[in-house]
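Protein chains in written order, with our numbering: chain A, 1 to 377; chain B, 1001 to 1857. Beta carbons are placed, not taken as given, at the ideal position from N, Cα and C, and that holds for glycine. Values in this document were obtained by computation on a predicted structure and should not be read as measured data. Right, one structure below, let's go through it.
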Amino acid sequence: MSSAKRGKWRTVRALLGASLATASVLGTSCGPMLSTVGVVESLRILGLRKSAPYARPGEVVRLELLWDGPKRTPVQRFFGFFCVNPPNDRFELCLQGEPSLPPRFVFNEDTFELKIPEDAVRPQTGNETPYGLAVVFYGVCAGRFTVGGEPIDDGFGGAGGLGGASGEERNDVPTSGTTDGRGHFTGLPVCIDDDGEPVGSEGFVVGYSQIFVYPEFRNPNPRILDFRVNGRSVQVDCYDEECVGRAFEIPDLDGCAPGVACFQACSESPGATCEEERVFAVVDPDSVDLDEASYVNYGREIEESQWVSYFTDRGGFTSELRLVNDSASGFNADHSTGFLPPSKPGPVRIWAVVRDNRGGASWARISGYVEPRKEER
Amino acid sequence: MPELESYVAPVYPEEIGPERPRAIVRLQLTVEVDGSVSEASVTEASHEGFDEAATEAARSLKFRPALVNGEPRKVKIGFEYQFEPPEIAQPEPEPAPAEVPAVTWGDLEGSVFLSGPDTPLPGVDVLVIDPVGNQYTAVTDEEGRFRIEGLSPGVYRVQIQPDGFESYQGDESITAGEATAVTYRLAPQAAENEIIVRGERPPREVTKRTLQRREIERIPGTSGDALRSIQSLPGVARPPALAGLLIVRGSAPQDTGYFVDGTSVPLIYHFGGLSSVIPTELLDRIDFYPGNFSVRYGRVMGGIVDAGFRSPNTDCYGPYGAPTERKGCFHGMAQVDLIDARILVQGPIAKNWTFAVAGRRSYIDTWLKPVLESAGASVTSAPVYYDYQVLVDYSSEPGERLSLRFYGSDDRFETIITNPAASEPGFGGNLRYATAFSRVQALYQKDLTDRVSIDAQLSVGTESLDFGLGGNIRFDLRSIPVYLRSEIGYKIHRTLRANLGLDFSLSPYDIFVRVPPPLPRGQTADQPLSTRPSIESSDSGAVFRPAWYADLEWQPTARFRFVPGLRVDFSRDSGQTDVSPRVTARYSLFLPEDDAPWGKGRTTVLKAGVGRFAQPPQFQESSPQFGTPGVGSNFAYHYSLGVEQGLTDHLDLTVEGYYKDLNPLVSSASGENNKVIYDTEGRGQVVGLETWLKYRADERFFGWVSYTLSESLRQDRPDQEKYRFQYDQTHNLILLGSYRLGRGWEIGARFRVVSGQLATPTVGRPALPAIFAGDSGTYVAIEGPRYSERLPLFHQVDVRIDKRWQFRDFRLNAYLDVQNVYNNAAVESYVYGFDYSQKAYNTGLPILPSLGLRGEF
């Protein structure tokens, strides 16, 4: 994409100074209260995991979707695959013009299998390693999906409130003319409520994922070995595919039990500070791989980057994203974060999703219990 | 007053053309106690070419000295010569009208006091002018008293304009046989001289705008900072809060060049634009050219700010700041406010040698560091800046000046980010920002003959820019720029002057960069920037950019001035040679002596300019390491047309329209392996109209109304849509004024209404504002057209209150400068929630009072 971003030392100098000065002056004042990424207050996709982040031509890749929300409600899902090798690897260009593959959509499944086309790898210019790119779209909807104004099914809202009619597959979803000229994604399924009104981002999330295709390179997913709270291992609800399809699963806890993460409620008193609880999704350092494909850029093989995102349905974190590994400073053994429990006692869930910078992902979930503060018991 | 004893007629200049006009030259003469004329200076001339003949003749005049209390006194008087063409010249010249004996019918007597404590002001010239223009002077004695005897009955204009005090002008009635008694109280001036902020300096540029020192020091919201006063002039956009940027006529900030006496400097404002790097007290002038500047300047295509150091002040003053003729005195100044403190010392070194030493340091760090730490930040070094100046001047005769300077500035900030933003987990650790520059500069100006002058300078300096964030990002730039500039002016004919100059720039540099590269293949898009492995690059070299220029100042008549010029720039780094022809013209429809329809003395000047302005690519755009070698230069074509109209004695109106065609502009595109490549496919247009209604300072008031209407567009590729430039501001209205209440009190206010900043909106319902990037866990905003949303209107009132005390040997000034007095939450940008479904306004500075105290002697 062309742009007018001309490097401007003087402007950079001035703007750097300005931003720092602004941060200095304004950073100490109260800013607008915006929701944070680590607290699941609306329907959310927390992660997408591929069986092969780097796939080979012809390989079948399985995708798993981790999603959840604050309250049980019927939720529809979709996966769509119709695009390989968009110009300049720009995913949004998959939604313009004719699709490069026959469109294939699957609704109301939490997993999706696709076969990488045999001819996905294309030669590159210069000394770049040949590769291909497959783009998959997916989404969740706390309402009903429509495509082109037509509902895709009349009988959703089935078992478990997770949406029925699982496994429905349609291959005739039109994808041409999918933007309205302003970048709006009008061709993908749209989520509407019972009144036919569009559902906003509080109940509708659309995502995309890239699968790089190399004849030789592979990229195993990172691994989470353990989950610790304040230095002690706790009971883990699920890892990776065990967590798939288990949205809205409220732990059946009415107090702290052995092995269960236990937290003390945060005081509601004005000015009181919360006790910070350390939660730690322990990532396997051996799951850090070499990034072979970056040899062209760096002139050497370097380690991939990894970072872990923490989520909770109640409370908050001191830092929602922690760096696990980067090629400059290496493995960050302490990638724990501070959990700030809610003030209201009761069950709580915490997720950790670790990703690498080549499309790999892994996750785990724990259930815990927030006890009343000692002085309130 | 002195009486003329012997008259000397001026010689009609031979070089005056065939028109041979009648000419009138008015002079101010200094008549010594022996009646001789020690100084003669031209105050007004109806035509060019007669000044020298008039002053030469006047120095030979002989007077009977003026008597004050029976003692002969040195006085200044007005005098007038009338030049007649030789063929109609009178065989015996008539004495000037000022020498016509007056009938002695009445007296004027009175006292001149310092405003406030009623301290008498001795040695003050009191000028009295009768209805037909005869002038009478007196000088106050030690008691501040004066007396003028033998005045004809009638109304007289009294003018008192002592150096160092505010001037007085008023009318007094003289009655036959009576002595009219008066008392005048004068307030001390805040400083000695005037700083001139010139829009475009004639004759080589299009127009002229001036701001007096009093105006600069009293503009609310600037804390008396001269360079910040530029931001209140028409054609200058409001920068984002705390951004020390100058956005001139729709140009990008880096398109405006900053100079100190012709030497380029990298910045003029400290951290966040809080104050400028050159203190007001050391400035003699600020040349501000918003466009169509002369060929003397190049390498930028927007505007020019050229600040000039003043010669150190060694004038001596009497009690309560009364001026004297003596030189060789020392002066000092100290000022403190909530942001910084500064000092200045200046005085003589030896005969013809003077010096000035000044410095400033902020102390934001002393109070901001605890505040930041209480907010959870681990601060190593809170923002701090300082600047320094050392000047040594030599001048043995008028028209000669050798000036040696050493000056510079330093801004730095350092902190430790322990909890990085959720979206960028790798951006933690040590955050450091520092920028500094210094210059050693030698400047020499001399009138070699009455036809040839030279202006040369050489400077060597250092520049550095350091930025680091954790281990991932680092940017270090070091350079040692050398500037050589020399200009020779030659007066070919009384109507024609040629200027020939060179302007060389050589900048050896070392640069080290550690940043994440463009997204490598095989890595997921939209991943946090800080998780990308950084790559390191370094480069050394020298940027050599010589330029040569020439222009002609042609003024065939008093009404018309035409200045064509040509500049040739070469950039060794890009291999480009840029040729920039420029032309400016001014035509006076009405001169001061004309009977204009709206009154005598009301001038009307039409002005126009057109020119080509080249700006070589930025270093990183043409660097083999970081950019595209051989990429071409940016070009702008300036067209302007305007009128300057004098409305009253104090009210001037300037209206100027302009159009700028930016073609081509360097723009970037994504190349192989996502590497950024630069080319010259960008385009831009700027059109605007500036209106400036200014009330020039009188004894009580100054102020102006400035309104700029403009549109600035850009286009990245010829086949792409145009969009509004990031800093485009359709409307910019500034009203300001300052009023002296008396007894040293002055109050002023500035009101600004400016179009809101531009933002690129995210789409809203029914479309989603963002799409989830599952591989990185981030959200990608789905944006609408670039800079297509105008944020709410900016409006703000700033108020300034000053109180001055004049003591016998020093002066004290206290001020309260309050920005944003009604605490308007001006919208600067949007801030978004993690998935762009929520957004809120990021607002600028709240009410910001600044209390300052300044003392000087």
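Close Cβ partners of residue i (< 6 angstroms) along its chain, the five nearest in sequence each way excluded
i, result
"B/Asp-1130", "Tyr-1156"
"B/Ile-1488", "Ile-1454 and Leu-1500"
"B/Arg-1854", "Gln-1335 and Asn-1813"
"A/Asp-110", "Leu-65, Val-244 and Gly-245"
"B/Val-1158", "Val-1128, Gly-1170 and Glu-1172"
"B/Asp-1306", "Phe-1259 and Asp-1287"
"B/Phe-1562", "Trp-1554 and Ala-1585"
"B/Asp-1411", "His-1270, Phe-1271, Tyr-1385 and Thr-1435"
"B/Glu-1178", "Gly-1106"
"B/Asp-1870", "Examination of residue 1870 of chain B is not possible in this model, given that chain B is present from 1001 through 1857 alone."
"B/Leu-1768", "none"
"B/Glu-1400", "Lys-1446"
"A/Cys-94", "Cys-83, Pro-86 and Val-135"
"B/Glu-1424", "Pro-1528 and Ser-1530"
Endpoints, beta strand (DSSP E) assigned at residue i
i, result
"B/Thr-1222", "B/Thr-1222 -> no beta strand (DSSP E), and no H or E assigned at all."
"B/Asp-1510", "1496 to 1515"
"B/Val-945", "Coverage of chain B is limited to positions 1001 through 1857, which leaves residue 945 of chain B absent and any answer about it impossible."
"A/Met-33", "That residue, A/Met-33, is in no beta strand (DSSP E); it is neither H nor E in DSSP."
Per-residue contacts from residue i into chain C (C-beta, under 9 angstroms)
i, result
"A/Tyr-239", "Absence of chain C from the displayed structure is noted, the protein chains being A and B."
Alpha-carbon to alpha-carbon, residue j and residue i
i, j, result
"A/Ala-361", "B/Asp-1387", "52 angstroms"
"B/Tyr-1184", "B/Val-1112", "5 angstroms"
"B/Tyr-1832", "B/Ser-1486", "53 angstroms"
"B/Gln-1618", "B/Val-1631", "10 angstroms"
"B/Asp-1287", "B/Ile-1304", "8 angstroms"
"B/Arg-1612", "B/Gly-1035", "56 angstroms"
"B/Leu-1662", "B/Phe-1635", "6 angstroms"
"B/Ser-1667", "B/Ser-1229", "33 angstroms"
"A/Trp-363", "A/Ala-293", "25 angstroms"
"B/Ile-1219", "B/Arg-1800", "8 angstroms"
"A/Pro-198", "B/Pro-1761", "20 angstroms"
"B/Gln-1055", "B/Ser-1041", "It is worth fixing the name first, because residue 1055 of chain B is Thr in this sequence and not Gln. Cα-Cα distance, rounded: 7 angstroms."
"B/Thr-1256", "B/Arg-1238", "15 angstroms"
"B/Pro-1533", "B/Lys-1675", "16 angstroms"
"B/Leu-1467", "B/Tyr-1407", "At residue 1467 of chain B the sequence reads Phe, which differs from the Leu that was named. Those two C-alpha atoms are separated by around 23 angstroms."
"B/Asp-1871", "A/Arg-300", "In this structure chain B extends from 1001 to 1857, so residue 1871 of chain B is not present and cannot be described."
"A/Arg-365", "A/Val-348", "11 angstroms"
"A/Ala-265", "A/Phe-227", "20 angstroms"
"A/Pro-86", "A/Ser-209", "13 angstroms"
"A/Leu-290", "B/Pro-1481", "44 angstroms"
"A/Pro-189", "A/Arg-77", "10 angstroms"
Segment limits, alpha helix (DSSP H) that includes residue i
i, result
"B/Glu-1621", "1619 to 1622"
"B/Ala-1057", "1051 to 1058"
Proximal residues to residue i (C-beta, below 7 angstroms), its chain only, five neighbours per side dropped
i, result
"A/Val-205", "Leu-43, Arg-44, Ile-45, Gly-139 and Val-140"
"B/Thr-1175", "Gly-1106 and Pro-1153"
"B/Ile-1016", "Gly-1049"
"B/His-1047", "Pro-1021, Ala-1023 and Ala-1558"
Supposed close pair residue i, residue j - CB separation, criterion 8 angstroms
i, j, result
"A/Val-37", "B/Phe-1834", "4 angstroms"
"B/Pro-1240", "B/Glu-1783", "That belief does not hold up - the Cβ atoms of B/Pro-1240 and B/Glu-1783 are roughly 20 angstroms apart, past 8 angstroms."
"B/Ser-1623", "B/Asp-1539", "6 angstroms"
"A/Phe-311", "A/Phe-339", "Contact doesn't hold; Cβ gap of about 11 angstroms is too wide."
"B/Phe-1751", "B/Val-1821", "B/Phe-1751 to B/Val-1821, Cβ: 10 angstroms. No contact."
"A/Cys-262", "A/Gly-368", "6 angstroms"
Other residues of its chain near residue i: CB distance less than 8 angstroms, five sequence neighbours each side excluded
i, result
"B/Glu-1215", "Ser-1229, Ala-1697, Phe-1702 and Ser-1738"
"A/Asn-171", "Annotation note: pLDDT 44 at A/Asn-171 (below 50); position unreliable, coordinate value reported separately. Cβ neighbours of A/Asn-171 beyond the five flanking positions: Pro-102, Pro-103, Arg-104 and Phe-105."
Beta strand (DSSP E) runs contained entirely in the segment 1260 to 1319 of chain B, provided each spans 3 or more residues: If we require 3 residues or more, the beta strand (DSSP E) runs fully inside the segment 1260 to 1319 of chain B come out as 1283 to 1289, 1304 to 1309 and 1315 to 1317.
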